[in-house]
Structure formats: structure tokens, C-alpha cells
Amino acid sequence: MNRVFNFSAGPAMLPLPVLEKVQEELLDYKGSGMSVMEMSHRSGLFTDIITSAEDTLREIMNIPDNYKVLFVQGGASQQFAAVPLNIMKNKKADFVNTGSWSKKAMKEAKKYIEVNEIASSEDKNFTYIPEIDASKLDPQADYVHITTNNTIEGTVFKEIPDTGNVPLVADMSSNILSEEIDVSKFGIIYAGAQKNIGPAGLTIVIIREDLIGRAADICPTMLDYKTHSESGSLYNTPPTFGVYIAKLVFDWIKEQGGVKAVQQQNEKKAALLYDYITMSDFYHSPIQEDSRSLMNVPFTIPNRDLDAKFIEEAKKNGLETLKGHRSVGGMRASIYNAMPLEGVEKLVQFMKQFKEENK
Ligand code: PMP
32 MNRVFNFSAG PAMLPLPVLE KVQEELLDYK GSGMSVMEMS HRSGLFTDII
82 TSAEDTLREI MNIPDNYKVL FVQGGASQQF AAVPLNIMKN KKADFVNTGS
132 WSKKAMKEAK KYIEVNEIAS SEDKNFTYIP EIDASKLDPQ ADYVHITTNN
182 TIEGTVFKEI PDTGNVPLVA DMSSNILSEE IDVSKFGIIY AGAQKNIGPA
232 GLTIVIIRED LIGRAADICP TMLDYKTHSE SGSLYNTPPT FGVYIAKLVF
282 DWIKEQGGVK AVQQQNEKKA ALLYDYITMS DFYHSPIQED SRSLMNVPFT
332 IPNRDLDAKF IEEAKKNGLE TLKGHRSVGG MRASIYNAMP LEGVEKLVQF
382 MKQFKEENK
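When the letters of the sequence shown are read in order and numbered with our numbering, they come out as residues 32 to 390.
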């Protein structure tokens, strides 16, 4: 077996013990003689899986009782439409524009409601998280939308804004479960699974109960949060295998000591990389220091012509998928929960060697 350290932004590495467990249980899940993939979503065994997934997620995220957890499909991108279709009342919402994904969320919401951009970091290429001027918040807005971690740009909200009585909606796709958060500050949290949760195809929605049952008449049944809330995410066939792997990942987080312990490890990994970048005189982080993501670390080297060489040589050293997003260039190391400290150590060691050979 020759597993690499995969720095992909998503789909991304999964914890090895989870993959091993999947392998062990693949052909015959708990004596059923079948794989979870082949099993009815109404079976007792699958009911146990989805119930356990929800219970453990509630425990590790400390989700209050007045919130529902939904397992849906369509990716985070589908939620860009689902949110306005579910909670439009005054038909307007405030958005913080922190990069490509925020822009996509705004573009989609605009089909249904008025979108007001109340803060943006576009002036500096999205290299920081902008301050929100409280006077810009519309008390009549249906919601305020933020992208807590910006996967492409490499920024993160270090503080969650206070939006008063207006529900805060967060796209947490690339930092859910990476650090402790207070769920009660949010109206809705949504995340595609393929970074910190499991395989692509599963999307998690955590929603305050009073925001369910308000969908517009035109909201498709499958996008209506009530549909999934009333049926325990079993209105139709959910992405069963994704839910199963998510359950194993949640168990793994719990075994690590919970989100707090995982956060400490993430801080250690990110510090190792940022500290080296800062002291190196060769590598450069374009991101303002107070806004740097623990999950996605973009960096550049002085001679852009060397980017391809860096990526190619890193690959030869078992360090994969370090190419920056096409809109940003340079390199990007995504170091989600499942990336071991050893992977980051190996990356830094390679960066040192590459610098010596190319400075
Ligand atoms: N939001 C963020 C912050 C993302 O990183 C991504 C995926 N990279 C998306 C939304 C889109 O997610 P999906 O592919 O699940 O629709």
C-alpha cells in the first residue's frame, strides 16, 4: 500500500482508521451478508447508522435541542438556493462577500430575493475577512449570510458576527468540525461533506427549528427543510453510504478527544506551515495574518515559473494536489482534520529542500 499525503481542497483525505473500517465492513456489514451500499435505507441496520451519525454529531458539535440535523444531497451549492427558498419573508438578505463561494451564493439567492452586500474584501483580492459595519445590517433582512472558511482564498472568520434577531446563515463547508463553534449563534449551518465529513454526495444542514416550515410556495419539495425534518432525512433515499462514512468520521473525531482536541491539532499543523512560510524569505502567504485559515493555506514562491516544478517534485515525494486554485495561482495546501501532523511536517521539509535548490 502506498498512500500519499493528499492536500486536495476536496474531496479530501479521510482518516485512515475510517477507511480501514469501511474496508473491513464492506462485504458483510455486521453479519447482514451485504454491504451498506446494498442495504435498504428503511432497514433496521441503516436506521441505527443514521441515528448514530446524528447523535454523535450532536454530541461533538454540542448542537442544542432546538436545532434539527438534516442529511441531504445536492452539495453546498444546492443550499445557495434552498436557504432563500425556505426562509424568504421580506425577500431580502445581507451577504458578506469573502470570495468565490460567497459570490456564487449571492448569485443564486438573487434569483429569488434582493441581495445586499454589506461587506466585502474584494478590494484586496479576498485576502482578509472584512469588518462588518453594524449600521449596514438590515433588521428587516430575512438572514445574513457568511462563508465561514473560504476554501479557495484561504481565509476564515475568527469571530462570528452578531446579527441580533436576524438569523445568521453560514456556509461551513470547509471548516465544519475543525474548530469549536457555538451553534446557537447560527440560524442555519450547511456544509458539503467532502472535506471534513466524508465522501461527496452528502450535505449536512443544521437548522434552528423556527426556520423550518416557512418555505415559499415555489420551493421544490426536495429543497424544503420541512420535508427532511419531518421524515428524519428519509423522505426519499438518502446518500446511504455517505451517511455511513460520516458516522465513522464522527466516531473518529470523538475518539480523538472531540472537536476541541482536533482543533488543537489543526492549530499545531497550521502554525508549523505558516511559521515556516513567514520565516523562509522565499515562500509568501498572500493572506492577512489575522484572517488565515487553519484548513486551506495558499502560498506563493517568488518565481512563478517554478510553480509547476514545485508541484511536480512534491508529487514525487508523496505530497499530492498542491496546485493553487486556478483563480488564485501559486500553491495551496489543504490540511483538513484527516491530514496527519506528519503530512505537514513532510511538506515543510520538502519546502526547505526545494528552497535550497531553487533560491
Ligand atoms: N462552499 C464552499 C466554501 C466550498 O468550499 C465548496 C466546495 N469546494 C462549495 C461551497 C460547493 O460545494 P459543493 O461542491 O458541495 O456544492
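Every residue, glycine too, gets a C-beta built ideally from N, C-alpha and C.
Confirm, please, whether the CB-CB distance from residue j to residue i is below 8 angstroms.
| i | j | result |
| --- | --- | --- |
| Ser-260 | Ile-243 | yes |
| Phe-157 | Thr-186 | yes |
| Leu-76 | Lys-61 | yes |
| Gly-173 | Ile-118 | First, the residue type needs correcting, since residue 173 is Asp and not Gly in the sequence shown. Their beta carbons are under 8 angstroms apart, which means Asp-173 touches Ile-118 by this criterion. |
| Thr-234 | Gly-41 | no |
| Gly-229 | Val-280 | yes |
| Val-103 | Arg-89 | no |
| Ile-318 | Pro-329 | yes |
| Lys-123 | Glu-145 | yes |
| Tyr-221 | Gln-110 | yes |
| Leu-168 | Leu-254 | no |
| Val-375 | Lys-300 | yes |
| Val-67 | Thr-271 | yes |
| Ser-108 | Lys-142 | no |
Quick check on residue i - is its C-beta less than 8 angstroms from some C-beta in chain B?
| i | result |
| --- | --- |
| Glu-210 | Absent from the structure is chain B; it holds one protein chain and no more. |
If we count the other Cβ atoms within 10 Å of its Cβ and call it buried at 16 or more, is residue i buried or exposed?
| i | result |
| --- | --- |
| Val-35 | exposed |
| Glu-387 | exposed |
| Ser-71 | exposed |
| Gln-384 | exposed |
| Asp-306 | exposed |
| Ala-339 | exposed |
| Asn-121 | exposed |
| Met-326 | buried |
| Asn-181 | buried |
| Ser-133 | buried |
| Ser-264 | buried |
| Pro-251 | exposed |
| Ser-262 | exposed |
| Thr-87 | buried |
| Ser-324 | buried |
| Thr-194 | buried |
| Met-382 | buried |
| Leu-372 | exposed |
| Asn-93 | exposed |
Out of the options, which has the shortest C-alpha to C-alpha gap to residue i?
| i | options | result |
| --- | --- | --- |
| Glu-211 | Thr-352, Asp-96, Ile-91 | Ile-91 |
| Phe-188 | Thr-178, Thr-194, Gly-195 | Thr-178 |
| Lys-337 | Pro-115, Pro-95, Gly-361, Glu-162 | What sits at residue 337 in the sequence shown is Leu, not Lys. With distances taken between Cα atoms, Leu-337 lies closest to Gly-361. |
| Ile-366 | Thr-309, Thr-271, Leu-254, Asn-206 | Asn-206 |
| Arg-357 | Glu-184, Ile-191, Pro-333 | Glu-184 |
| Asp-164 | Asp-125, Lys-138, Asp-154 | Asp-125 |
| Lys-257 | Thr-268, Glu-145, Arg-245 | Arg-245 |
| Gly-355 | Asn-33, Ser-39, Met-32 | Ser-39 |
| Lys-377 | Asn-368, Lys-390, Asn-389, Lys-346 | Lys-346 |
| Asp-321 | Val-67, Glu-162, Pro-115 | Glu-162 |
| Thr-268 | Asn-389, Asn-33, Thr-194, Glu-69 | Glu-69 |
| Asn-33 | Ile-191, Glu-351, Gln-296 | Glu-351 |
| Pro-95 | Lys-138, Tyr-159, Glu-240, Lys-141 | Glu-240 |
| Ser-316 | Met-203, Tyr-159, Pro-270 | Tyr-159 |
| Pro-192 | Val-175, Leu-208, Lys-300 | Val-175 |
| Val-214 | Met-382, Tyr-98, Tyr-143, Met-65 | Tyr-98 |
| Val-49 | Gln-380, Ser-311, Asp-154, Ala-369 | Ala-369 |
| Leu-353 | Lys-142, Thr-331, Glu-298, Ser-311 | Thr-331 |
| Ala-302 | Ala-364, Ile-284, Pro-270 | Ala-364 |
| Leu-208 | Val-359, Gln-294, Tyr-143 | Gln-294 |
| Lys-52 | Asn-348, Asp-282, Asn-297, Leu-304 | Asp-282 |
| Val-359 | Asn-37, Glu-153, Asn-389, Thr-78 | Glu-153 |
| Lys-390 | Leu-304, Pro-333, Asn-297 | Pro-333 |
State yes or no: is the C-beta of residue i nearer than 7 angstroms to some heavy atom of the ligand PLP?
| i | result |
| --- | --- |
| Thr-186 | Absence of the ligand PLP is noted for the structure shown, with the ligand PMP being the only ligands found. |
Check whether the region 48–61 touches the region 272–280, counting contact only when three or more Cβ pairs, one atom from each stretch, lie closer than 8 angstroms. yes
Count the C-beta pairs between the region 78–97 and the region 194–204 that are closer than 8 angstroms, then say yes if the count reaches three, no if not. No: the two stretches stay apart, fewer than three of their Cβ pairs being nearer than 8 angstroms.
Does the pairing of the region 217–229 with the region 127–139 give three or more beta-carbon distances under 8 angstroms? no
Does the region 288–301 come close enough to the region 141–149 that 3 or more CB-CB pairs lie under 8 angstroms? no
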